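Colleague: Let me give you the structure first, and then I'll get to my questions.
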Amino acid sequence: MGGEKNVGQARGGKAKAKTPRQRLSDKEGGSGGDAPRKSTKPNKERTKATAKSQRVEKVKVQKKVKAFKMESVESFDDDVRFNLAVKEEPEDGDFVPEKRGKKRKRPEDEPMEGPSCSSATPTLNRKLKEKDEADPRTENNTKEGIKKEKKPKKEEAEHPVTTKKKSKEEIEAAKALKIKKREEEEQQRWRWWEEDKYEDGVKWKFLEHRGPFFPPEYQHLPDNVNFYYNGKVVKLGLAAEEVALFFAQMLDHEYTTKDVFRNNFFKDWRKEMTLEERVLISDLNKCDFRELHTMHKEKVEARKAMSKEEKLVMKEANQKIVEEYGFCILDHHRERIGNFKIEPPGLFRGRGEHPKQGMLKKRIQPEDVIINCEKKSCIPEPPAGHHWKEVRHDNTVTWLASWTENVQGSCKYVMLNPSSKLKGEKDWEKYEVARRLKSCVNGIRQQYQQDIKSKQMEIRQRAVALYFIDKLALRAGNEKEEGETADTVGCCSLRVEHITLHDLLEDKECVVEFDFLGKDCIRYYNKVPVTKRVFKNLKLFMKNKEPGDDLFDRLNTCLLNKHLSSLLPGLTAKVFRTFNASITLQEQLQQLSNMTDKPAEKLLSYNRANRAVAVLCNHQRVPPKTFDQSMANLQSKIDGRREQLALAKSELKLAKKEVKAHSSDSKLQAVVERKKKAVQRCEEQLMKMEVQATNREENKQIALGTSKLNYLDPRISVAWCKNMEVPLDKIYNKSQRDKFAWAVDMTGADFLF
DNA sequence: CAGTGGACTTAGTAGTCTCCAG
DNA sequence: CTGGAGACTACTAAGTCCACTG
1 MGGEKNVGQA
11 RGGKAKAKTP
21 RQRLSDKEGG
31 SGGDAPRKST
41 KPNKERTKAT
51 AKSQRVEKVK
61 VQKKVKAFKM
71 ESVESFDDDV
81 RFNLAVKEEP
91 EDGDFVPEKR
101 GKKRKRPEDE
111 PMEGPSCSSA
121 TPTLNRKLKE
131 KDEADPRTEN
141 NTKEGIKKEK
151 KPKKEEAEHP
161 VTTKKKSKEE
171 IEAAKALKIK
181 KREEEEQQRW
191 RWWEEDKYED
201 GVKWKFLEHR
211 GPFFPPEYQH
221 LPDNVNFYYN
231 GKVVKLGLAA
241 EEVALFFAQM
251 LDHEYTTKDV
261 FRNNFFKDWR
271 KEMTLEERVL
281 ISDLNKCDFR
291 ELHTMHKEKV
301 EARKAMSKEE
311 KLVMKEANQK
321 IVEEYGFCIL
331 DHHRERIGNF
341 KIEPPGLFRG
351 RGEHPKQGML
361 KKRIQPEDVI
371 INCEKKSCIP
381 EPPAGHHWKE
391 VRHDNTVTWL
401 ASWTENVQGS
411 CKYVMLNPSS
421 KLKGEKDWEK
431 YEVARRLKSC
441 VNGIRQQYQQ
451 DIKSKQMEIR
461 QRAVALYFID
471 KLALRAGNEK
481 EEGETADTVG
491 CCSLRVEHIT
501 LHDLLEDKEC
511 VVEFDFLGKD
521 CIRYYNKVPV
531 TKRVFKNLKL
541 FMKNKEPGDD
551 LFDRLNTCLL
561 NKHLSSLLPG
571 LTAKVFRTFN
581 ASITLQEQLQ
591 QLSNMTDKPA
601 EKLLSYNRAN
611 RAVAVLCNHQ
621 RVPPKTFDQS
631 MANLQSKIDG
641 RREQLALAKS
651 ELKLAKKEVK
661 AHSSDSKLQA
671 VVERKKKAVQ
681 RCEEQLMKME
691 VQATNREENK
701 QIALGTSKLN
711 YLDPRISVAW
721 CKNMEVPLDK
731 IYNKSQRDKF
741 AWAVDMTGAD
751 FLF
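Note that the UniProt record's numbering has the first sequence beginning at 1, numbered continuously upward.
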């Protein structure tokens with residue numbers, strides 16, 4: 001069923017159906033992305049066929065290139081005197097400034113506790129217990145912020161007699177408690193950044209955990225809920241029924257109308273059926289899931305309508321699971337696990353035109369799961385009647401459990417929370433590499449400018465690609481297996497059809513128009529003026545190629561990264577994104593913010609700087625469903641204020657007239673003052689709302705979170721907060737502060753990226 | 001030495017929670 | 001007190017990069 005179709009869908013399909021997201025970005029751009037891909041070859045064979053033919057063609061091209069070079073190399077010569085001694089530049093030395101200061105002795109050097117499973121409680125539980133006793137607020141270790149703040153309110157509710165004054169006191173007390181808690185938490189925090197690093201490759205010396213948490217087993221539908229085939233009730237077996245419910249739950253979603261999705265689903269669903277079911281059910285269009293769908297909707301409604309008490313019970317039950325499964329012991333410290341729950345079964349929802357959308361994501365059994373932990377730790381127990389696929393003791397990796405997912409055949413891992421040492425250390429390292437790049441980026445830039453003139457095609461292509469990666473913060477662009485994923489590209493995998501060259505566009509010379517789908521099928525659309533040399537080279541790279549051919553046919557990420565790491569150890573394509581993002585933030589903050597600004601203005605500047613980075617990195621989002629509505633609401637509010645303002649103004653005028661008439665009346669004078677103030681207030685409020693409106697409009701399609709979390713060196717933000725006397729929690733919420741604890745702790749006002 | 005897959009980072013969405021204006 | 005809007009979290013897909021393999 002339809003399998004063949006899907007293959008075609010992979011690339012060709014892109015032009016047809018558009019995701020809401022694509023549609024969203026269409027309006028800003030030209031029509032370039034919509035042009036159907038005119039590949040001359042059937043898609044499936046394309047990669048390999050073209051790869052080969054390209055190689056043959058390369059020889060041809062090379063010859064042409066040579067000819068081209070002969071005539072054009074001179075015209076490329078440039079003013080810049082290139083400094084080729086990039087590699088020798090020794091500045092990396094300065095860039096390990098905050099070397100771990102005091103070098104505490106790490107507790108791991110002490111003898112490790114032996115296995116204790118057999119005796120009484122497992123070590124993990126015991127340790128957690130100890131912690132609990134020592135720490136009166138553990139109960140909210142996970143939902144800290146929320147619970148903490150909620151608590152005082154709850155208490156308030158319990159004593160409704162309290163007067164206004166008393167509640168004020170209580171609020172004060174709650175505040176004090178909060179501060180105390182925060183301090184305590186701070187004290188308890190593992191300051192791993194003050195410790196020595198382990199030898200190469202070793203990630204931990206002790207690791208103990210409870211294993212992953214499995215979702216509940218499927219329960220049969222109630223008798224009164226029926227599935228119909230061809231108008232007749234059909235009682236499905238457990239397996240087929242479960243999968244049917246997955247589909248029924250999604251009936252409201254656009255997904256279920258797409259052919260690819262439906263075909264994939266139906267094919268996989270039939271595999272779950274018994275023989276009779278399979279014989280009977282041969283056409284998805286004859287299936288009626290409406291009763292299942294209704295039941296599901298009712299369940300969702302019921303959950304929403306639950307009383308406060310019921311919700312609390314649910315919450316506590318969840319909390320218990322988190323307490324039990326959500327933490328591990330890593331080198332004597334209790335660390336939070338990021339994703340301790342096994343992904344429940346369901347229908348695969350890829351992004352964009354994914355050829356595998358709708359396929360069944362199977363239920364993971366303990367028999368599929370590999371456990372990783374310390375040999376001497378208490379090995380997690382598999383659920384009753386089950387066993388693990390394997391128990392491993394590999395301390396060169398950071399995962400606690402892993403399994404292979406059936407749709408794409410890739411590995412899934414249980415790993416630690418971003419606030420953990422393992423993640424934090426890696427993050428810190430990432431920014432240090434980016435800072436090292438800062439110190440030699442000029443040399444590298446000069447070199448690739450030089451390389452653009454190289455006689456070797458691969459070097460030229462590499463140079464132009466690097467130019468894009470550096471200037472536009474494009475992703476590296478690994479090759480992908482065709483038909484396995486949606487058709488998206490990055491820098492190295494750009495195809496001829498993704499760029500359009502304009503000798504002159506909107507008064508600018510040498511403009512390259514990019515239009516392609518990047519990671520997550522987010523459209524990248526940009527018109528960029530480039531140097532003459534880059535422009536000429538692009539023309540050359542595109543010569544004699546089909547729209548579907550690779551732009552950089554001699555280049556891949558592997559080659560590029562090999563070259564980069566020869567310039568600076570640890571340098572890869574993605575470092576440029578990190579570096580450019582962070583340096584942009586720092587520069588923007590410097591430009592936009594002033595010490596004399598009001599707090600709100602400072603925050604606005606920060607958000608603007610953040611936004612500049614998000615735009616650079618092309619971090620988009622779908623505007624909230626309610627966006628237009630809420631915008632309209634705000635607008636009507638603004639209009640209302642305007643009217644109010646006009647009214648206030650005319651009243652002021654009137655009052656002034658009165659004063660003129662009876663000049664000495666002090667009462668009237670006071671009225672004028674009052675009216676004046678009213679006008680002022682009105683004006684201020686109006687302005688505030690207008691700022692809010694522009695701010696919201698500017699943020700409509702831009703997601704700030706991704707860059708904040710992954711690209712901006714937190715030390716820049718911490719230093720800025722210190723300089724500007726802005727409280728850190730205006731910038732970072734609780735989990736962000738936890739993630740960046742290392743930066744918060746080590747950064748002074750004088751930090752420079 | 002290309003191809004593959006493992007390990008880890010980066011990504012947007014959906015759902016839930018909180019807060020504040022009316 | 002309510003509902004709307006925004007903040008925050010959980011989830012999991014989709015990238016990058018590297019080391020291993022045959």
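Note that CB positions come from ideal geometry on N, CA and C, so glycine has one too.
Given the structure is predicted, the values throughout are model-derived calculations rather than measurements.
Just checking my contact of Val369 with Trp388 at CB under 8 Å: how many whole Å lie between their CB atoms?
Modeller: 6 Å
Colleague: Grab me the residues of Lys341's own chain with a C-beta within less than 6 Å of its C-beta, minus the 5 sequence neighbours each way, in chain order.
Modeller: Excluding positions up to five away in sequence, the list reads Phe213.
Colleague: May I ask which residues mark the beginning and end of the beta strand (DSSP E) holding Val512?
Modeller: For Val512, the enclosing beta strand (DSSP E) starts and ends at Lys508 to Leu517.
Colleague: For Phe289, collect the residues of the same chain with a Cβ closer than 7 Å to its Cβ; drop the 5 residues on either side in sequence, then sort them by chain order.
Modeller: Phe227, Ala244, Phe247, Ala248 and Leu251
Colleague: On the CB-based measure, 16 or more other CB atoms within 10 Å of its CB, does Met724 come out buried or exposed?
Modeller: buried
Colleague: Excluding five sequence neighbours on each side, which residues of the same chain lie with their C-beta closer than 6 Å to the C-beta of Leu585?
Modeller: Answer for Leu585: Ala609, Val613, Leu712 and Ile716, listed in chain order.
Colleague: Note down the Cα distance separating Leu728 from Cys721, rounded to an integer number of angstroms.
Modeller: Cα to Cα, the separation comes out at about 6 Å.
Colleague: Who are Asn526's beta bridge partners in DSSP?
Modeller: Phe514
Colleague: Quick check on Arg681: buried or exposed, where buried means 16 or more other Cβ atoms within 10 Å of its Cβ?
Modeller: exposed
Colleague: In whole angstroms, give me the CA-to-CA distance for Val260 and Phe579.
Modeller: Straight through space, the alpha carbons of Phe579 and Val260 are spaced by roughly 40 Å.
Colleague: When DSSP builds the beta bridges, which residues end up paired with Ser636?
Modeller: Its beta-bridge partners do not exist; DSSP assigns none.
Colleague: Please tell me whether Arg462 and Leu360 are closer than 8 Å, where the distance is taken between their beta carbons.
Modeller: no
Colleague: Is the distance from the Cβ of Val718 to the Cβ of Thr747 below 8 Å?
Modeller: yes
Colleague: Roughly how many angstroms separate the alpha carbons of Asp427 and His296, rounded to a whole number?
Modeller: 41 Å
Colleague: Could you spell out the range, first to last residue, of the beta strand (DSSP E) harbouring Asn594?
Modeller: No beta strand (DSSP E) holds Asn594; DSSP gives it neither H nor E.
Colleague: Provide the residue span of the alpha helix (DSSP H) that contains Asn224, from first to last.
Modeller: Run containing Asn224: none; DSSP gives neither H nor E here.
Colleague: With Ile452 and Val512 assumed to form a contact (beta carbons below 8 Å), what rounded beta-carbon distance in angstroms separates them?
Modeller: With 8 Å as the limit, Ile452 and Val512 do not qualify as a contact, their Cβ atoms being about 14 Å apart.
Colleague: Looking only at its chain, what residues have a beta carbon closer than 6 Å to the beta carbon of residue 785, apart from the 5 residues adjacent to it on each side?
Modeller: The requested residue 785 is not part of the displayed model; the chain covers only 1 to 753.
Colleague: Less than 7 Å between the CB of Val233 and some heavy atom of the ligand ZN, yes or no?
Modeller: Although the ligand ZN was asked about, the structure shown includes no ligands whatsoever.
Colleague: Taking Cβ to Cβ, would you say Gly211 is nearer than 8 Å to Ile329?
Modeller: no
Colleague: Tell me whether Asp223 is buried or exposed, calling it buried when 16 or more other Cβ atoms sit within 10 Å of its Cβ.
Modeller: exposed
Colleague: If I follow the unbroken alpha helix (DSSP H) through Tyr467, where does it start and stop?
Modeller: Tyr467 -> alpha helix (DSSP H) spans Met457 to Leu472.
Colleague: Determine the closest residue to Lys649 out of Glu601, Glu323 and Lys677, with distance taken between C-alpha atoms.
Modeller: Lys677
Colleague: DSSP has Ile371 in a bridge; who is on the other side?
Modeller: The bridge partners DSSP lists for Ile371 are Val391 and Ala401.
Colleague: Let me know the secondary structure DSSP gives Cys721 once reduced to three states.
Modeller: helix
Colleague: Short of 6 Å in beta carbon distance, which residues of its chain neighbour Ala67, apart from the five on each side in sequence? Order them along the chain.
Modeller: Low local confidence applies: a pLDDT of 31 at Ala67 is under 50, so the model's placement there is unreliable, with the coordinate-based value given in what follows. Once the five neighbours on either side are set aside, Ala67 has no close Cβ partner at all.
Colleague: What are the start and end residues of the alpha helix (DSSP H) that includes Asp745?
Modeller: Ala741 to Met746
Colleague: How about Leu686 and Ile638: do their beta carbons lie closer than 8 Å?
Modeller: For Leu686 and Ile638, yes; Cβs fall inside 8 Å.
Colleague: Decide if Glu217 is buried, meaning its Cβ has at least 16 other Cβ atoms within 10 Å, or exposed.
Modeller: Under a 10 Å Cβ-count criterion, Glu217 is classified as exposed, with fewer than 16 other Cβ atoms of the shown protein chains found around its own Cβ.
Colleague: Rounding to the nearest angstrom, what Cα-Cα distance links Phe514 and Cys521 in this structure?
Modeller: Distance from the CA of Phe514 to the CA of Cys521, rounded to the nearest whole angstrom, comes to 14 Å.
Colleague: Going by C-alpha distance, which of Trp269, Val234 and Gly385 is nearest residue 800?
Modeller: With the chain represented from 1 up to 753, any question about residue 800 goes unanswered, as that position is not in the structure.
Colleague: Return yes when the Cβ of Arg334 is within less than 8 Å of the Cβ of residue 754, no when it is not.
Modeller: An answer regarding residue 754 cannot be provided, because it is not within the stretch 1 to 753 covered by the chain.
Colleague: Relative to the alpha-carbon of Asp331, which residue among Lys602, Lys197 and Val313 has its alpha-carbon at the smallest distance?
Modeller: Lys197
Colleague: Starting from the C-beta of Asp745, find all residues in its chain whose C-beta is less than 6 Å away, skip the five residues before and the five after it, and write them out in chain order.
Modeller: none
Colleague: Nearest to Asp487 by alpha carbon, out of Arg460, Asp507, Gly518 and Ile459?
Modeller: Of the candidates Arg460, Asp507, Gly518 and Ile459, the one whose C-alpha sits nearest the C-alpha of Asp487 is Gly518.
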